[in-house]
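The numbering used here puts the first residue of the sequence shown at 0, with every later residue one more than the last.
Ideal Cβ positions, reconstructed from N, Cα and C, are used throughout, including at glycine.
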Amino acid sequence: MKNTFRIFLLLLSCLTLQAQTAAINGIILDSENAPVTTAEIYNEETARTLTVDKAGKFSLTDLKKGTYTLIIFADNYQTTTQTVTLAAAEKKEITVVLEKLDFNLAAVEVEAEKREAYGLRRLRDVEGTAIYSAKKSEVIRLENLVANVATNNARQIFKGIAGLNIWENDGAGLQLSIGARGLDPNRTSNFNTRQNGYDISADALGYPESYYTPPAQALQRIEIVRGAASLQYGPQFGGLLNFVFKKGNPNKPIEIVSENTVGSFGLFTTFNSVGGSKDGWNYYGFYQRKQGDGWRPNSAFEQNTGYAKISKKIGEKIDVTAEYTRMDYLAQQPGGLQDFEFEQDPRQSKRERNFFKVKWNLAALLADFRLNDNTKINSRFFLLSAQREALGILTQINRPDPLRERDLIRGTYDNFGNETRLIHRYGNLDRPNTFLTGVRYYEGFSESSQGLADATAEPNFSFLNPGDLEIADYDFPSRNFSAFAENLFNLTDKWTLTPGLRFEYIRTAADGFFKERVVSGGQVIFEQTFNLQKENPRTLVLFGLGTGFKPTADIEFYANFSQNYRSVNFTDLAVINPNLIVDSLLTDERGFNADLGIRGSVKDFLTFDANVFYLDYRDRIGTGETVLPDPIFGEIAVPFRTNIGDARILGLEAYAEADIVRFLYEEKKDFAASVFTNFSILSGEYLNGGTAFVGREVELIPPYSLKAGITAGYKNLRASYQFSRVAEHFSDATNAVFTNDATRGLIPTYTVQDLSFSWMYRRFKVQAGVNNLTDARYFTRRAATYPGPGIIPADGRSFYVTVGVRFF
Numbered sequence: 000m001k002n003t004f005r006i007f008l009l010l011l012s013c014l015t016l017q018a019q020t021a022a023i024n025g026i027i028l029d030s031e032n033a034p035v036t037t038a039e040i041y042n043e044e045t046a047r048t049l050t051v052d053k054a055g056k057f058s059l060t061d062l063k064k065g066t067y068t069l070i071i072f073a074d075n076y077q078t079t080t081q082t083v084t085l086a087a088a089e090k091k092e093i094t095v096v097l098e099k100l101d102f103n104l105a106a107v108e109v110e111a112e113k114r115e116a117y118g119l120r121r122l123r124d125v126e127g128t129a130i131y132s133a134k135k136s137e138v139i140r141l142e143n144l145v146a147n148v149a150t151n152n153a154r155q156i157f158k159g160i161a162g163l164n165i166w167e168n169d170g171a172g173l174q175l176s177i178g179a180r181g182l183d184p185n186r187t188s189n190f191n192t193r194q195n196g197y198d199i200s201a202d203a204l205g206y207p208e209s210y211y212t213p214p215a216q217a218l219q220r221i222e223i224v225r226g227a228a229s230l231q232y233g234p235q236f237g238g239l240l241n242f243v244f245k246k247g248n249p250n251k252p253i254e255i256v257s258e259n260t261v262g263s264f265g266l267f268t269t270f271n272s273v274g275g276s277k278d279g280w281n282y283y284g285f286y287q288r289k290q291g292d293g294w295r296p297n298s299a300f301e302q303n304t305g306y307a308k309i310s311k312k313i314g315e316k317i318d319v320t321a322e323y324t325r326m327d328y329l330a331q332q333p334g335g336l337q338d339f340e341f342e343q344d345p346r347q348s349k350r351e352r353n354f355f356k357v358k359w360n361l362a363a364l365l366a367d368f369r370l371n372d373n374t375k376i377n378s379r380f381f382l383l384s385a386q387r388e389a390l391g392i393l394t395q396i397n398r399p400d401p402l403r404e405r406d407l408i409r410g411t412y413d414n415f416g417n418e419t420r421l422i423h424r425y426g427n428l429d430r431p432n433t434f435l436t437g438v439r440y441y442e443g444f445s446e447s448s449q450g451l452a453d454a455t456a457e458p459n460f461s462f463l464n465p466g467d468l469e470i471a472d473y474d475f476p477s478r479n480f481s482a483f484a485e486n487l488f489n490l491t492d493k494w495t496l497t498p499g500l501r502f503e504y505i506r507t508a509a510d511g512f513f514k515e516r517v518v519s520g521g522q523v524i525f526e527q528t529f530n531l532q533k534e535n536p537r538t539l540v541l542f543g544l545g546t547g548f549k550p551t552a553d554i555e556f557y558a559n560f561s562q563n564y565r566s567v568n569f570t571d572l573a574v575i576n577p578n579l580i581v582d583s584l585l586t587d588e589r590g591f592n593a594d595l596g597i598r599g600s601v602k603d604f605l606t607f608d609a610n611v612f613y614l615d616y617r618d619r620i621g622t623g624e625t626v627l628p629d630p631i632f633g634e635i636a637v638p639f640r641t642n643i644g645d646a647r648i649l650g651l652e653a654y655a656e657a658d659i660v661r662f663l664y665e666e667k668k669d670f671a672a673s674v675f676t677n678f679s680i681l682s683g684e685y686l687n688g689g690t691a692f693v694g695r696e697v698e699l700i701p702p703y704s705l706k707a708g709i710t711a712g713y714k715n716l717r718a719s720y721q722f723s724r725v726a727e728h729f730s731d732a733t734n735a736v737f738t739n740d741a742t743r744g745l746i747p748t749y750t751v752q753d754l755s756f757s758w759m760y761r762r763f764k765v766q767a768g769v770n771n772l773t774d775a776r777y778f779t780r781r782a783a784t785y786p787g788p789g790i791i792p793a794d795g796r797s798f799y800v801t802v803g804v805r806f807f
């Protein structure tokens with residue numbers, strides 16, 4: 000009995016010691032010893048964020064023995080980092096004093112940002128060497144998302160961005176295809192797509208399509224600026240899409256992260272990164288591999304992506320960064336379906352000999368020079384060497400595979416450029432103005448070759464006759480020089496005005512040939528070669544104006560107007576496709592974006608951004624219809640790509656998020672719950688042009704789209720549910736409801752639901768989820784060429800589990 004009592008006391012003692020966890024209690028003050036009641040504290044080791052109470056106090060509990068890095072930040076204060084070392088069961092009291100921001104450029108570069116439940120905020124009026132005042136902008140913070148980032152699930156990652164039309168081409172996130180305001184989502188070609196501020200698309204002028212999408216697991220944030228970005232970043236109608244990578248841990252010489260995912264249909268991904276800082280150096284790199292079988296037959300893929308970056312701080316005024324990115328993937332493409340086939344079985348495949356292959360190499364050298372507290376220069380040199388190859392059968396999907404030689408289309412892209420910016424603050428320190436100017440030089444050389452490849456079912460990307468291609472071969476040299484300037488005037492404490500100008504010189508050229516051939520019985524009975532050699536230089540000046548008014552510190556009214564411009568894609572001139580005839584007289588597109596909106600927050604529990612917009616689109620390029628002779632049917636109607644005419648698109652875009660716990664309780668709790676919704680109402684109409692199109696609806700515009708969801712959590716456990724609904728809309732300018740080849744027709748209304756979970760414990764992280772929870776059958780696009788032609792079904796229900804661990 001005595002021994003039993005001793006054992007009981009020993010166990011009780013052990014349990015008591017186990018319960019005595021360490022804690023950090025603190026208070027955040029300003030330089031006048033007043034509490035900073037808006038401060039937030041981010042614990043890097045536990046990845047938890049908490050808000051101080053009304054007295055500026057906070058408490059971190061349930062901590063183990065070790066060293067903790069706390070990042071303390073608040074609006075209008077300089078961000079600071081505090082390192083605290085705890086012994087077992089130790090409780091420490093700390094006091095942190097935040098200094099108010101001065102009006103200099105250093106204050107603009109605050110690294111730690113306020114963390115919202117969904118990781119969404121807007122860009123500040125001035126960030127780095129850019130002005131975003133009065134522009135429609137969003138920033139997605141990837142670290143706060145509870146989503147399937149392992150496969151770049153765009154539906155979940157971009158859920159807070161109102162008005163986006165997302166094409167779902169595959170379940171692996173190999174390519175990102177998003178559009179906005181009625182713009183074609185295909186490979187995000189209507190956005191100026193960048194990585195860390197420099198171009199990543201194939202050719203910024205003649206082929207701005209992005210076959211490479213940065214892995215979401217490597218991203219710190221995604222920046223989106225709508226059409227008003229045209230003055231600073233180039234005249235694209237969609238605006239700016241910038242992927243910003245993580246940096247090496249600033250407080251450790253080395254940190255390694257490994258995240259591994261398994262999922263339905265043979266999915267396996269592994270992401271491994273290393274980074275750190277020492278003696279003014281910072282480095283970060285990663286390797287990611289994806290592979291899987293795909294939801295449909297003939298959908299297998301494998302992708303490899305690697306990235307390396309090293310930065311050096313030279314003295315107090317110079318920062319230099321070198322980066323290199325390498326990506327390659329091979330994907331089999333199951334082809335498209337006709338409407339009745341989709342209704343029968345959307346998982347079926349009618350093509351087993353189609354493949355797609357991509358290689359992408361990016362290099363960049365970035366330099367920041369701080370001339371003084373008010374003036375800074377940023378210069379970016381960038382280089383792209385890339386190739387994409389499409390192999391397979393391009394004939395209409397309502398005809399069987401002829402089992403003959405396949406088409407092979409090869410594009411190679413080699414370009415380089417530099418963009419240099421200067422930003423300068425001047426005037427009253429209480430109300431400073433900001434001047435921004437920059438120049439850009441870009442030179443590209445692209446080649447498009449199309450001929451026949453073998454008749455096997457293997458991914459053999461070789462021409463049968465490389466010296467005498469059967470279809471087409473073109474060179475597309477291009478050159479661009481541009482200069483821009485914007486000035487942010489703080490007219491009063493509440494009112495800003497931002498005018499801007501951009502000058503563009505663009506020179507595109509084409510040199511090559513295409514062939515017309517008549518084949519009978521497998522023999523060429525007629526062939527004619529057409530040579531093309533032309534040059535198209537042009538200059539243009541774009542103008543923009545933005546204004547913002549803040550009646551209170553938390554609410555802003557904003558309005559802007561910016562002109563836009565988009566040159567003809569050289570693929571419209573080079574690719575011969577029986578499913579799509581291209582007008583040889585295509586001309587560039589022009590127009591403007593205008594926004595009027597209100598954004599802000601209410602008592603720290605509600606954030607919102609709502610705006611109306613008007614997009615004027617002149618000489619819009621779209622798909623109509625023409626009739627061609629056919630050896631089987633006599634005549635067939637095929638899509639015809641041409642300048643449809645002038646269109647106007649207008650709509651409402653709105654986003655709101657409410658922190659339920661912050662609304663109900665004054666103090667921060669261990670549990671959290673937030674709800675969000677974003678919706679858009681859009682309308683588009685052709686005002687003039689071809690008589691067949693005037694008065695018709697603009698294609699690719701869902702009349703409404705809605706995303707809503709809730710994220711809830713307790714301590715380090717979080718769950719997220721998302722509901723998405725997109726209304727029925729047309730896929731071409733003829734407003735066709737149905738066509739036999741399924742390349743045009745309605746995109747029916749669809750609803751998709753997703754469920755995700757995340758749990759963190761010390762250095763470990765587990766994520767899991769269900770995509771397309773109800774196993775809905777739907778599609779988001781009809782393709783005239785690869786990955787079709789025809790209807791491209793979206794993936795059905797799938798599951799995934801990710802396990803991550805952080806070392807050192």
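query, result
"So, for threonine 606: in the same chain, excluding its five sequence neighbours on each side, which residues have a beta-carbon less than 6 angstroms away from its beta-carbon?", "Ser600, Glu656"
"The beta strand (DSSP E) that contains glutamate 684, what's its start and end?", "670-688"
"Helix, strand or coil: which one does DSSP assign to glycine 708?", "strand"
"Is the Cβ-Cβ distance between tyrosine 616 and alanine 593 less than 9 angstroms?", "no"
"So the alpha helix (DSSP H) glutamate 832 belongs to, where does it begin and stop?", "What the structure shows of the chain is the stretch from 0 to 807, and residue 832 is not part of that stretch, so it cannot be assessed."
"Give the straight-line distance between the Cα atoms of lysine 246 and asparagine 271, rounded to the nearest whole angstrom.", "14 angstroms"
"Starting from glutamate 515, follow its DSSP beta bridges and name the residues at the other end.", "Gln527"
"Measuring only the C-alpha atoms, how far is arginine 369 from arginine 717?", "42 angstroms"
"Alpha carbon to alpha carbon, how far is glycine 543 from valine 611? Give it in angstroms, no decimals.", "17 angstroms"
"Starting from tyrosine 425 and walking both ways along the beta strand (DSSP E), at which residues does that stretch end?", "405-425"
"Where do the ends of the beta strand (DSSP E) carrying tyrosine 760 lie?", "749-760"
"Take isoleucine 242 as the anchor and find which of Ser200, Asn248, Ser209, Asn195 has the nearest alpha-carbon.", "In the sequence under discussion, the amino acid at residue 242 is phenylalanine, which differs from the isoleucine named in the question. Of the listed residues, the one whose Cα sits closest to phenylalanine 242 is Asn195."
"Can you list, in chain order, the residues of its chain with a C-beta nearer than 7 angstroms to that of asparagine 147? Leave out the 5 residues immediately preceding and following it.", "Gln155, Ser755, Gly768, Asn770, Tyr799"
"Please go through the stretch 317-396 and give each complete alpha helix (DSSP H) segment of 4 or more residues, from N-terminal end onward.", "338-343"
"In whole angstroms, what separates the C-alpha of threonine 394 from that of valine 517?", "15 angstroms"
"Quick one: residues in its chain with C-beta nearer than 7 angstroms to the C-beta of glycine 275, no 5 flanking neighbours on either side, listed in chain order?", "Gly247, Asn248, Lys251, Pro252, Ile253, Glu254, Tyr282"
"May I have the straight-line CA-CA distance separating aspartate 344 from tyrosine 664, to the nearest angstrom?", "51 angstroms"
"Please report the Cβ distance between isoleucine 93 and isoleucine 23, rounded to the nearest whole angstrom; I am assuming they are in contact, meaning their Cβ atoms lie under 8 angstroms.", "6 angstroms"
"Please go through the same chain and pick out, in chain order, the residues whose beta-carbon is closer than 6 angstroms to the beta-carbon of arginine 506, but skip the five residues on each side of it.", "Arg478, Pro536"
"Identify the continuous alpha helix (DSSP H) that holds glutamine 155 and give its terminal residues.", "153-156"
"Which residue or residues does DSSP assign as beta-bridge partners of lysine 99?", "Tyr76"
"Which residue from Val804, Gly803, Ile791 puts its Cα closest to that of tryptophan 294?", "Ile791"
"Hey, how far is the Cα of glycine 499 from the Cα of glycine 226?", "14 angstroms"
"Assuming phenylalanine 462 and leucine 468 form a contact by the criterion Cβ under 8 angstroms, report the distance between their Cβ atoms to the nearest whole angstrom.", "6 angstroms"
"In the DSSP output, which residue or residues are listed as bridge partners for glycine 827?", "Since the first residue of the chain shown is 0 and the last is 807, residue 827 is not available in this structure."
"For threonine 320, I'd like the list of residues in its chain whose CB is within less than 6 angstroms of its CB, leaving aside the five on either flank, ordered along the chain.", "Ser310, Leu365"
"If we ignore side chains and look at the alpha-carbon of each, how far apart do phenylalanine 244 and leucine 218 end up?", "4 angstroms"
"Tell me, which residues are paired with threonine 436 by DSSP?", "Leu421, Ala484"
"Are the Cβ atoms of threonine 192 and asparagine 377 separated by less than 9 angstroms?", "no"
"Who pairs with glycine 194 in a beta bridge, going by DSSP?", "One point to set straight first is that residue 194 is glutamine, not glycine, in the sequence displayed. Answer is Tyr197, Phe242, bridged to glutamine 194."
"Could you tell me the boundaries of the beta strand (DSSP E) in which isoleucine 23 lies?", "21-29"
"Return helix, strand or coil for glycine 170, following the three-state DSSP convention.", "coil"
"Which same chain residues end up closer than 8 angstroms to tyrosine 76 when comparing Cβ atoms and leaving out the 5 residues on each side of it in sequence?", "Asp29, Val35, Ala38, Leu97, Glu98, Lys99, Leu100"
"Give me the Cα-Cα distance between leucine 595 and serine 132, rounded to the nearest whole angstrom.", "13 angstroms"
"So what does DSSP say about alanine 179, is it helix, strand or coil?", "strand"
"Straight-line CA distance for glutamate 503 to tyrosine 564?", "10 angstroms"
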